[in-house]
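See below for the structure under consideration.
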Amino acid sequence: MREGMTMLPLLVVTVSDLGWRVATTGYLRHEGHKFAQQTVVLDTGRIRYAVKYCSCIDPAHKGRAAPLEGYIGMPMPTSENWYHSGFLFVRLNGVDIGTYKVKAVRVVETGERGAVDICWEAEPGFVRVRFLALP
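Position one of the sequence shown corresponds to residue 1 (the working numbering), numbered consecutively onward.
Rendered as structure tokens:
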């Protein structure tokens, strides 16, 4: 580095997949069913955002998913500002994509920016929702 130059801090977004959690739910009309959720955290260094997918995936639903109160939530930075389990719903040609089992929830970028994709292969077609964070 040349004399008189200052080094700027490297701005990055760290993305962490917290993995799948499957538990038994006691939710009304889903008692004893398998409920799955996956959370991904996008940390900009100043603010931590979290994106969560959740749905009832019990075999009782014959290969489909059954969202309870929604299926895409944002529990961070605070669940009071964005509903933690259902602030975003996706409809394609009148079909609620959340009634299909999710194909993937995956980290697709980390570093100069962070990104997470939630993907479905549904009757109307392939659907991808992408969340992107900048430092």
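By construction, the Cβ of each residue, glycine as well, lies at the ideal position given by its N, Cα and C atoms.
Note that the structure is predicted; figures quoted are calculated from it, not measured.
For residue i, the three-state DSSP class (helix, strand or coil)
| i | result |
| --- | --- |
| G111 | strand |
| P75 | strand |
| G98 | helix |
| H33 | strand |
Test item: CB-CB of residue i and residue j under 8 Å
| i | j | result |
| --- | --- | --- |
| Y49 | P77 | yes |
| S55 | G98 | yes |
| W120 | V102 | yes |
| V51 | T110 | no |
| Y27 | A65 | no |
| F89 | G73 | no |
| V151 | L92 | Here the chain covers residues 1 to 135 and nothing more, so residue 151 does not appear. |
| S85 | G70 | yes |
| P124 | V95 | yes |
Beta bridge counterpart(s) of residue i as assigned by DSSP
| i | result |
| --- | --- |
| K103 | Bridge partners of K103: none, in fact. |
| Y53 | Q38, I72 |
| A66 | C56 |
| T25 | H33 |
| I118 | V105, V129 |
6 Å Cβ shell around residue i - same chain, five flanking residues per side excluded
| i | result |
| --- | --- |
| K34 | V22, I57, D58 |
| F131 | V51, V116 |
| H30 | C56 |
| L11 | P135 |
Close Cβ partners of residue i (< 7 Å) along its chain, the five nearest in sequence each way excluded
| i | result |
| --- | --- |
| A133 | V13, L42, T44, Y49, R113, G114 |
| Q37 | R21, K52, Y53, C54 |
| D17 | V40, V107 |
Assigned exposure category for residue i - 16 Cβ within 10 Å defines buried
| i | result |
| --- | --- |
| G24 | It should be noted that the sequence gives Thr, not Gly, for residue 24. It counts as exposed. |
| I118 | buried |
| A122 | buried |
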